[in-house]
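Trainee: This is the structure I want to talk about, given as structure tokens.
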């Protein structure tokens, strides 16, 4: 007898078609049969060792978070309710060009310092890996949800070239090609970049194109955080489209927003650019989070020249009064590339987390509010934070536009990604709320998407981008990564005031046929594993 039958569920199967009522039978980590109500008339209904009454609940494929920053959180926090409680059964990590494999000892130490604001210092982690394959093996020991990995181009450049702003030599470029190929052979699904973060931003298009050729030869995809989401946003999107077309590589645009005042109402221009490329045969997808503010680190706002050489060089420049004044002028007057070419507005920069407990009173305030409370200039406050917190401060950046968010999420190649940074006292609520916020706010309350459309955006579309042949749909033979939610009550619990509140209306989540959420509570099941690229 099979393990589980989910009885009388309203199945939204991820394909975008109409829902239907059915009994769904799970055994051995897979969906073994689906008996629709019409087909079951007059027939004996399926039985199993356990029956779950799903009356009033929607059964859908587990959600795929196409842009996650859980690289260490998956290892640090076995509970991982931040994602499991949302119905997420697969996260794509290794984002924005910086993560923890492939590395050597030197590069690992540098990367840990550079992205401590994203993932913490890692002092509680045993970094017993150096290669991509070894990191994936570490995930295979058991994690809350599944994870796929993108090779981080900035980390690869740090390993082969260093943190200097210069072109790679032919030998260095050959080494980067080999590192990318090795990572793909070991199971990575593609390559990410952070082209407003050092050292990845120092790569010219020709270098990126060569790496993308390698990615294309393995059937992977390129996922860039491109060179500007502000003053040069459209040009930056166009650059990525042209680059990947030249390389013959699939393109997935990370957190594809149109932010800052210069881009208000300009989402249709982005979509027109993408539609033209798609019509010409380009392979493009994108992800977004359903909120207006962004989230990153305070150090990311600096101009690239101030970040050359890595974390210690940055701190030395900030400590020097003359150099610090040049940084301020570049940020406040010219518009630093770290702030996407737009002069920084300190009243939009909210401190969301700090490493140094002595700085916690800054959290929840904008830099300008903290500066006003101390009777000093905003840059004085920001500089002190950067130095005292050793570059570990995270921020919310309130620069988005709701009409752009809604327009982009309707597009036919759109998928969902939280871009969720789990660090900090007051993280962005998207880390805990992205997927129920789509379902509750944008489907039920606003009707921006139908339920069937939205589920497809969050399941089958990302599975197709990842080339996963047995995930993303409720189909016989597919893996039983499933979520059951109440369409009448599903909602994000997280808010900007209380960002770690868990969602409502998602009582059951299964990974590999095992309950990781049951009756709205996290179980002790660690059914997640690394999801490796399997076809060349």
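In this note's numbering, the protein residues as written are 62 to 597. Backbone N, C-alpha and C fix where the C-beta goes; we use that ideal spot for every residue, glycine too.
Determine the DSSP secondary structure at residue 465, reduced to helix, strand or coil.
Mentor: Here the question's residue 465 lines up with position 404 in the chain shown. Reduced to three states, the DSSP call for residue 465 is helix.
Trainee: Checking 8 angstroms against the spacing of the C-beta atoms, do residue 365 and residue 262 come in under that value?
Mentor: Start at 1 with the first residue of the chain shown, and residue 365 comes out as number 304. Start at 1 with the first residue of the chain shown, and residue 262 comes out as number 201. In contact: residue 365 and residue 262 (Cβ atoms closer than 8 angstroms).
Trainee: Throw me the rounded Cβ distance for the residue 468 and residue 317 pair, which I believe falls under 8 angstroms.
Mentor: In the chain shown, counting from the first residue as 1, residue 468 sits at position 407. In the chain shown, counting from the first residue as 1, residue 317 sits at position 256. Not quite, the Cβ-Cβ distance comes to about 11 angstroms (not below 8 angstroms), so this is no contact.
Trainee: Rounded to a whole number of angstroms, what is the C-alpha to C-alpha distance between residue 544 and residue 534?
Mentor: Counting from 1 along the chain shown, the entry for residue 544 is found at position 483. Counting from 1 along the chain shown, the entry for residue 534 is found at position 473. Computed Cα separation, rounded: 11 angstroms.
Trainee: Please classify residue 451: does DSSP put it in a helix, a strand, or coil?
Mentor: For the purposes of this step, residue 451 is taken as the residue at position 390 of the chain shown. Three-state DSSP puts residue 451 in coil, outside helix and strand.
Trainee: What does DSSP give as the partner residue(s) for residue 97 in the beta ladder?
Mentor: As a working note, residue 97 is residue 36 in the chain shown. Residue 97 is bridged to 83.
Trainee: Please determine if the stretch 514-531 and the stretch 566-576 are in contact, where contact requires at least 3 C-beta pairs separated by less than 8 angstroms.
Mentor: No, they do not touch.
Trainee: Residue 213 bridges to which residues according to DSSP?
Mentor: Start at 1 with the first residue of the chain shown, and residue 213 comes out as number 152. Paired residues: 253.
Trainee: Quick one, are the C-beta atoms of residue 209 and residue 151 less than 8 angstroms apart?
Mentor: In the chain shown, counting from the first residue as 1, residue 209 sits at position 148. In the chain shown, counting from the first residue as 1, residue 151 sits at position 90. Yes, they are a contact pair.
Trainee: Quick check on residue 514: does DSSP put it in helix, strand or coil?
Mentor: Reading the chain shown from its first residue, position 453 is the one you call residue 514. Here residue 514 sits in helix by DSSP.
Trainee: In whole angstroms, what separates the C-alpha of residue 493 from that of residue 563?
Mentor: To locate residue 493, count along the chain shown from 1; it is residue 432. To locate residue 563, count along the chain shown from 1; it is residue 502. For residue 493 and residue 563, the distance between alpha carbons rounds to 6 angstroms.
Trainee: Rounding to the nearest angstrom, what Cα-Cα distance links residue 504 and residue 481 in this structure?
Mentor: Position 443 of the chain shown, counted from the start, is the residue given in the question as residue 504. Position 420 of the chain shown, counted from the start, is the residue given in the question as residue 481. The straight-line gap from Cα to Cα measures roughly 21 angstroms.
Trainee: Inspect the CB distances between the stretch 406-423 and the stretch 450-462 and report whether three or more fall short of 8 angstroms.
Mentor: Cβ pair count under 8 angstroms is three or more, so yes.
Trainee: State buried or exposed for residue 84, treating a residue as buried only when at least 16 other CB atoms are found within 10 Å of its CB.
Mentor: Stepping through the chain shown from its first residue, residue 84 is reached at position 23. Residue 84 is buried by the Cβ-count criterion.
Trainee: Which residues in the same chain as residue 65 place their Cβ atom closer than 6 angstroms to its Cβ, once the five residues preceding and following it in sequence are excluded?
Mentor: If you number the chain shown from 1, residue 65 lands on position 4. Here the set comprises 87, 109 and 111.
Trainee: Evaluate residue 398 with the Cβ neighbour count: other Cβ atoms within 10 Å of its Cβ, from every protein chain shown; 16 or more gives buried, anything less gives exposed.
Mentor: Residue numbering aside, residue 398 sits at position 337 when the chain shown is read from its first letter. Label assigned to residue 398: buried.
Trainee: Are residue 207 and residue 133 touching if we call contact CB-CB under 8 angstroms?
Mentor: Your numbering for residue 207 matches position 146 in the chain shown. Your numbering for residue 133 matches position 72 in the chain shown. The answer is no: Cβ separation not under 8 angstroms.
Trainee: Please check the pair residue 587 and residue 203, which I expect to be a contact at CB under 8 angstroms, by giving their CB distance rounded to whole angstroms.
Mentor: Position 526 of the chain shown holds residue 587. Position 142 of the chain shown holds residue 203. That belief holds up - the Cβ atoms of residue 587 and residue 203 are roughly 4 angstroms apart, short of 8 angstroms.
Trainee: Is it the case that the Cβ atoms of residue 73 and residue 512 are separated by a distance below 8 angstroms?
Mentor: Here residue 73 refers to the residue found at position 12 of the chain shown. Here residue 512 refers to the residue found at position 451 of the chain shown. In contact: residue 73 and residue 512 (Cβ atoms closer than 8 angstroms).
Trainee: Quick one: Cα of residue 595 to Cα of residue 241, how far?
Mentor: What you label residue 595 is simply residue 534 of the chain shown in a count that begins at 1. What you label residue 241 is simply residue 180 of the chain shown in a count that begins at 1. Near 16 angstroms, if we compare the C-alpha coordinates of residue 241 and residue 595.
Trainee: Within its chain, find whatever has a CB closer than 8 angstroms to the CB of residue 50; leave out the 5 residues flanking it on each side and keep chain order.
Mentor: One cannot answer for residue 50 here, as it falls past the ends of the chain, which runs 62 to 597.
Trainee: Please go through the stretch 516-549 and give each complete alpha helix (DSSP H) segment of 4 or more residues, from N-terminal end onward.
Mentor: Listed in chain order, the complete alpha helix (DSSP H) runs (minimum 4 residues) inside the stretch 516-549 are 521-526.
Trainee: Apart from the five residues just before and just after residue 190, which ones in its own chain have a Cβ nearer than 8 angstroms to its Cβ?
Mentor: Within the chain shown, residue 190 is the residue found at index 129, counting from 1. These residues qualify, in order along the chain: 161, 162, 196, 198 and 199.
Trainee: So, with DSSP's three-state summary, where would you put residue 508?
Mentor: Indexing the chain shown from 1 puts residue 508 at position 447. Here residue 508 sits in coil by DSSP.
Trainee: Please report the residue range of the beta strand (DSSP E) in which residue 158 lies.
Mentor: Sequence index remark: in the chain shown, residue 158 carries index 97 (1-based). Taken as a continuous stretch (DSSP letters only), residue 158 belongs to no beta strand (DSSP E), as it is neither H nor E.
Trainee: When the Cα of residue 178 is compared with those of 422, 488, 540 and 536, which residue comes out closest?
Mentor: Along the chain shown, one-based indexing puts residue 178 at 117. With distances taken between Cα atoms, residue 178 lies closest to 488.
Trainee: Figure out for me which residue from 472, 474, 412 and 465 has the closest Cα to the Cα of residue 444.
Mentor: Within the chain shown, the letter at position 383 stands for residue 444. Nearest of 472, 474, 412 and 465 to residue 444, Cα basis: 412.
Trainee: Kindly list the residues whose CB is nearer than 6 angstroms to the CB of residue 297, restricted to its own chain and excluding five residues on each side of it in sequence; keep chain order.
Mentor: Residue mapping note: residue 297 aligns to position 236 of the chain shown, counting from 1. Around residue 297: 287, 288 and 289.
Trainee: Going straight from the alpha carbon of residue 172 to that of residue 379, what length do you get?
Mentor: Within the chain shown, numbered from 1, the residue matching residue 172 stands at position 111. Within the chain shown, numbered from 1, the residue matching residue 379 stands at position 318. Taking the straight line from one Cα to the other gives about 19 angstroms.
Trainee: Exposed or buried, what is residue 62 when buried is set at 16 or more other beta-carbons lying within 10 Å of its beta-carbon?
Mentor: Residue 62 sits at position 1 when you count from the first residue of the chain shown. Residue 62 should be labelled exposed.
Trainee: Determine the contact status of residue 140 and residue 583, defining contact as a CB-CB distance below 8 angstroms.
Mentor: To locate residue 140, count along the chain shown from 1; it is residue 79. To locate residue 583, count along the chain shown from 1; it is residue 522. Yes, the pair counts as a contact, with Cβ atoms nearer than the cut-off.
Trainee: Classify residue 390 as buried or exposed, calling it buried when 16 or more other Cβ atoms lie within 10 Å of its own Cβ.
Mentor: Your numbering for residue 390 matches position 329 in the chain shown. It counts as exposed.
Trainee: Would you call the CB atoms of residue 308 and residue 338 closer than 8 angstroms?
Mentor: In the chain shown, residue 308 corresponds to position 247, counting from 1. In the chain shown, residue 338 corresponds to position 277, counting from 1. Not closer than 8 angstroms, so no.
Trainee: Assuming residue 266 contacts residue 304 (C-beta within less than 8 angstroms), just tell me the rounded distance between them.
Mentor: Translated into the one-based positions of the chain shown, residue 266 becomes position 205. Translated into the one-based positions of the chain shown, residue 304 becomes position 243. That pair is a contact at about 5 angstroms.
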